[in-house]
Amino acid sequence: MKRQGASSGRKRARIPSGKAGAANGFLMEVCVDSVESAVNAERGGADRIELCSGLVEGGTTPSMGVLQVVKQYVQIPVFVMIRPRGGDFLYSDREVEVMKADIRLAKLYGADGLVFGALTEDGHIDKELCMSLIAICRPLPVTFHRAFDMVHDPMAALETLLTLGFERVLTSGCDISALEGLPLIKRLIDQDSEEYYSLQGTSFYASPFYSLVL
52 MKRQGASSGR
62 KRARIPSGKA
72 GAANGFLMEV
82 CVDSVESAVN
92 AERGGADRIE
102 LCSGLVEGGT
112 TPSMGVLQVV
122 KQYVQIPVFV
132 MIRPRGGDFL
142 YSDREVEVMK
152 ADIRLAKLYG
162 ADGLVFGALT
172 EDGHIDKELC
182 MSLIAICRPL
192 PVTFHRAFDM
202 VHDPMAALET
212 LLTLGFERVL
222 TSGCDISALE
232 GLPLIKRLID
242 QDSEEYYSLQ
252 GTSFYASPFY
262 SLVL
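The opening position of the sequence shown corresponds to residue 52 in this note's numbering, with each subsequent residue numbered one higher.
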């Protein structure tokens, strides 16, 4: 499976499934790494922001100072990436401590949602770790990030994430873009349409800068 890093200004347009969305039927989420980018995203029509740092590494946890100031200048929801470093998605006990502390701080400074992911050595969802992180995140919504594109069995992984309570999943169909990953994306959608609908939205990367959330 190929990995694709996040890009500054990356946009995701969400097509609501029978639910109220933005006035034009789309919800645009923009990935930003600074206060200026967040302000510009809102001015440009973004409906939601994913705030992170380390975009070249695929996104890492932003500073809480940036989050605090972003919340002072934008009115749209801000989802915060929780990822202590780039590289793989296997975390040590100390890294987990950092992730939990960052979640608590992000909530304290006004995060509207959290974005994270964790895998086991054999490429499965780390259910135990995810459950412990979700418990700290609640009542905020949680998104499983593109660690999903590194899982051993995407079909089983989606079922696991639904069971754990993730509201969204970011994926390009385990390929370099959603265009190449379309066959798997279709399988994920068709796997169980009723359960998939309950997931609310999955982000499909069509290019380094744009993606659709169905």
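Ideal placement from N, C-alpha and C gives every residue a C-beta, glycine not left out. Model, not experiment: these values are computed from the prediction.
Contacts around Ala73, its chain only, beta-carbon distance under 6 Å, and the 5 residues preceding and following it disregarded: In the sequence shown, residue 73 corresponds to position 22, counting from 1. Because Ala73 carries a pLDDT of 49, less than 50, the predicted location of this residue cannot be relied on, and the following value inherits that uncertainty. Cβ within range, chain order: Asp98.
Presumed contact (8 Å Cβ cut-off) between Val125 and Ile100, rounded CB distance: Numbered from its first residue, the sequence shown carries residue 125 at position 74. Numbered from its first residue, the sequence shown carries residue 100 at position 49. Yes, they are in contact, since the Cβ atoms of Val125 and Ile100 sit about 7 Å apart, within 8 Å.
Three-way DSSP call (helix, strand, coil) for Phe199 in this model: Within the sequence shown, numbered from 1, the residue matching residue 199 stands at position 148. If DSSP states are grouped into helix, strand and coil, Phe199 belongs with the helices.
Limits of the beta strand (DSSP E) - the one that Cys82 falls within: Residue 82 sits at position 31 when you count from the first residue of the sequence shown. Segment Leu78 to Val83, the beta strand (DSSP E) holding Cys82.
DSSP-derived helix/strand/coil call for Ser143: As a working note, residue 143 is residue 92 in the sequence shown. It is coil, neither helix nor strand.
Sequence-distant residues of its chain with Cβ nearer than 6 Å to Ala89 (five each side left out): Here the question's residue 89 lines up with position 38 in the sequence shown. Excluding positions up to five away in sequence, the list reads Val83, Ile100, Val121 and Val125.
Exposure of Arg219, with buried meaning 16 or more beta-carbon neighbours within 10 Å: Stepping through the sequence shown from its first residue, residue 219 is reached at position 168. The residue in question, Arg219, is buried, as its Cβ has 16 or more Cβ neighbours within 10 Å.
Span of the alpha helix (DSSP H) around Arg94: By 1-based counting over the sequence shown, the position of residue 94 is 43. Note, Arg94: alpha helix (DSSP H), Val86 to Arg94.
Span separating the alpha-carbon of Val139 from that of Leu102: Here residue 139 refers to the residue found at position 88 of the sequence shown. Here residue 102 refers to the residue found at position 51 of the sequence shown. The amino acid occupying residue 139 in the given sequence is Asp; Val does not appear at that position. In a straight line, the C-alpha of Asp139 is about 20 Å away from that of Leu102.
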